[in-house]
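Enquirer: I have a structure here, written as structure tokens, and I will follow up with some questions on it.
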Amino acid sequence: MTLRIGIAGTGWFGRMHAEKLAAMEGVSVSAFCGTSLEKAETAARPYSDARGYDTIEAMLEDRKLDAVYICTPPFAHGEIELALAERGIPFLVEKPIGVDEETPSRIRQAIADKGLITSVGYHFRYMDSTNHAKELLADRTPLMALGQWMGSMPGVYWWRKMETSGGQFVEQTTHIVDLTRYLLGEVNEVYAAYGSRHMAQVEEGVTVPDVGTVTIKLASGAVATISNTCAIPAGGHAGLQIYTNTGVLQVTGEALVDIEVDKKTEYRSSNNPYVRENEAFLHAVRTGDRSQILSTYEDAWETHRVTMAANESARTGLPVKLR
Numbered sequence: 062m063t064l065r066i067g068i069a070g071t072g073w074f075g076r077m078h079a080e081k082l083a084a085m086e087g088v089s090v091s092a093f094c095g096t097s098l099e100k101a102e103t104a105a106r107p108y109s110d111a112r113g114y115d116t117i118e119a120m121l122e123d124r125k126l127d128a129v130y131i132c133t134p135p136f137a138h139g140e141i142e143l144a145l146a147e148r149g150i151p152f153l154v155e156k157p158i159g160v161d162e163e164t165p166s167r168i169r170q171a172i173a174d175k176g177l178i179t180s181v182g183y184h185f186r187y188m189d190s191t192n193h194a195k196e197l198l199a200d201r202t203p204l205m206a207l208g209q210w211m212g213s214m215p216g217v218y219w220w221r222k223m224e225t226s227g228g229q230f231v232e233q234t235t236h237i238v239d240l241t242r243y244l245l246g247e248v249n250e251v252y253a254a255y256g257s258r259h260m261a262q263v264e265e266g267v268t269v270p271d272v273g274t275v276t277i278k279l280a281s282g283a284v285a286t287i288s289n290t291c292a293i294p295a296g297g298h299a300g301l302q303i304y305t306n307t308g309v310l311q312v313t314g315e316a317l318v319d320i321e322v323d324k325k326t327e328y329r330s331s332n333n334p335y336v337r338e339n340e341a342f343l344h345a346v347r348t349g350d351r352s353q354i355l356s357t358y359e360d361a362w363e364t365h366r367v368t369m370a371a372n373e374s375a376r377t378g379l380p381v382k383l384r
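Just so we're aligned, residue 62 is where the sequence shown starts under our numbering, counting upward by one.
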């Protein structure tokens with residue numbers, strides 16, 4: 062059975078997913094939906110079975126698709142997911158799932174009503190090293206964690222505006238929030254402080270904060286602090302350090318480092334997490350077996366709630382309780 066896949070979004074992520082999907086056996090990249098017909102047709106050109114469309118309705122009316130990948134900017138979520146849910150078409154959506162809480166909540170309900178197969182692109186969960194960390198933590202007591210996403214500001218126009226990206230904590234650092242939830246459990250309370258130190262003075266139209274620190278209380282009793290900046294021109298870093306009763310686990314996008322008394326062990330991640338993410342989702346589409354999907358929309362909604370709570374706390378100066 063060949064799965065016919067549509068791609069909503071013609072940017073880097075949409076094209077990256079299309080390339081990986083086209084290399085898989087029994088998968089056909091069949092449609093692209095973009096903000097213009099020209100962009101969609103350009104993205105579709107390398108794939109013999111693919112056509113381009115400028116609306117999700119036109120794509121779904123013309124093509125019988127088994128699943129759709131949603132790779133749009135954060136502010137563009139809503140219409141696409143709801144159209145797919147209405148038709149019962151499974152989808153994989155890249156993070157973040159929105160810039161507010163209302164739209165993802167509507168999508169979440171529509172998914173539940175249909176019992177729809179979904180996946181969200183938190184690819185850190187699919188790394189070998191991350192899952193080895195999860196195995197090690199089963200026999201250790203996590204005490205606290207420090208997370209970081211330190212880097213420069215992306216050049217796309219929508220990223221630098223709060224209303225279109227949600228800010229760095231929502232758009233980028235959500236990966237570290239999700240990693241914290243995946244490895245350490247659910248979040249009870251959030252307190253955040255943001256600031257604008259540099260980027261608004263040197264770049265036009267910047268409304269996102271360029272520094273921030275968020276303190277998290279976990280249901281287990283552990284605590285975590287996750288900090289970010291988008292103002293560093295070089296030397297950036299993203300990862301999570303987990304302090305346990307036996308030492309420190311350092312989780313990054315490349316490896317896991319396990320630091321114990323008189324011992325330091327590094328585990329390099331040997332797999333491509335995007336490939337594993339695709340395999341898990343498409344296996345579910347083919348068979349109905351969702352067990353290999355590590356981040357469903359329902360799960361990702363919990364991560365999104367934490368990032369929304371951080372934005373609210375930074376705005377009000379007050380802690381936000383989630384449960």
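Positions of the beta carbon are idealized from the N, C-alpha and C atoms, including for glycine.
No experiment lies behind these values; they were computed from the predicted model shown.
Closer than 7 Å by C-beta to residue 365: which residues in its own chain qualify, once you throw out the five before and the five after it? Chain order, please.
Expert: If we look at residue 365 and ignore the five residues flanking it on each side, its Cβ neighbours are 157, 158, 159, 165.
Enquirer: Ends of the alpha helix (DSSP H) at residue 195?
Expert: Counting along the chain, the alpha helix (DSSP H) containing residue 195 begins and ends at 189–198.
Enquirer: Since I believe residue 330 is in contact with residue 315 (beta carbons under 8 Å), could you give me their beta-carbon distance rounded to a whole number of angstroms?
Expert: Contact holds; Cβ gap of about 6 Å.
Enquirer: Closer than 6 Å by C-beta to residue 320: which residues in its own chain qualify, once you throw out the five before and the five after it? Chain order, please.
Expert: The answer, listed in chain order, is 308, 309.
Enquirer: Return helix, strand or coil for residue 336, following the three-state DSSP convention.
Expert: In the structure shown, residue 336 sits in a helix (DSSP, three-state: H, G or I).
Enquirer: Here's a check: name, in chain order, each residue in its chain whose Cβ is nearer than 7 Å to the Cβ of residue 202, leaving out the five neighbours to either side.
Expert: 305, 306.
Enquirer: Give the C-beta separation of residue 115 and residue 101 to the nearest angstrom, bearing in mind that I take them to be a contact with Cβ-Cβ under 8 Å.
Expert: The pair is a contact, with the Cβ atoms about 6 Å apart (cut-off 8 Å).
Enquirer: If you measure from the beta carbon of residue 184 to each beta carbon in chain C, is any gap under 8 Å?
Expert: The displayed structure is made up of one protein chain only, and chain C is not part of it.
Enquirer: In the structure shown, what three-state DSSP assignment does residue 119 receive?
Expert: Residue state, collapsed to three classes: helix.
Enquirer: Is the segment 166–185 in contact with the segment 134–148, if contact means three or more CB pairs nearer than 8 Å?
Expert: With the cut-off at 8 Å, the segment 166–185 and the segment 134–148 touch.
Enquirer: Is residue 372 helix, strand or coil when you go by DSSP?
Expert: Residue 372: helix per DSSP, three-state reduction.
Enquirer: Relative to the C-alpha of residue 87, which candidate in 68, 361, 136, 63 has its C-alpha closest?
Expert: Of 68, 361, 136, 63, the residue nearest in Cα terms is 63.
Enquirer: Between residue 328 and residue 243, what straight-line distance do the alpha-carbon atoms span, to the nearest angstrom?
Expert: So the two alpha carbons sit approximately 19 Å from each other.
Enquirer: Measuring CB to CB, does residue 208 end up less than 8 Å from residue 287?
Expert: Result yes, Cβ atoms of residue 208 and residue 287 sit closer than 8 Å.
Enquirer: Sort 255, 263, 294, 280 by Cα distance to residue 378 and report the nearest one.
Expert: Nearest of 255, 263, 294, 280 to residue 378, Cα basis: 255.
Enquirer: Taking the straight line between their C-alpha atoms, what separation do you get for residue 126 and residue 322?
Expert: Roughly 54 Å between the two C-alpha positions.
Enquirer: Thinking C-beta only, is residue 276 closer than 8 Å to residue 134?
Expert: It is not a contact, given that the beta carbons lie outside the stated cut-off.
Enquirer: Within a Cβ cutoff of 7 Å, which residues of the same chain sit near residue 354, ignoring the five residues on either side of it in sequence?
Expert: Excluding residues within five positions, the ones whose Cβ falls inside 7 Å are 180, 341, 342, 345.
Enquirer: Hey, quick one: how far does the alpha helix (DSSP H) through residue 170 stretch, first residue to last?
Expert: Taken as a continuous stretch (DSSP letters only), the alpha helix (DSSP H) holding residue 170 covers 163–175.
Enquirer: Considering only the alpha carbon of each residue, which of 68, 78, 84 lies closest to residue 95?
Expert: Selected option, being the one with the closest Cα: 68.
Enquirer: Just how far apart, CA to CA, sit residue 237 and residue 220?
Expert: Their backbone Cα atoms lie some 18 Å apart in a straight line.
Enquirer: Have a look at residue 257 and residue 123 and give me their C-alpha separation to the nearest angstrom.
Expert: Between residue 257 and residue 123, the C-alpha separation is close to 47 Å.
Enquirer: Using CA atoms only, rank isn't needed, just tell me which of 193, 289, 139 is closest to residue 169.
Expert: Among 193, 289, 139, the Cα nearest to that of residue 169 is on 139.
Enquirer: What does the alpha-carbon distance come out to for the pair residue 251 and residue 382?
Expert: Cα to Cα, the separation comes out at about 6 Å.
Enquirer: Any idea what DSSP makes of residue 377, helix, strand or coil?
Expert: Three-state result, residue 377: helix.
Enquirer: In the DSSP output, which residue or residues are listed as bridge partners for residue 250?
Expert: Bridge partners of residue 250: 278, 382.
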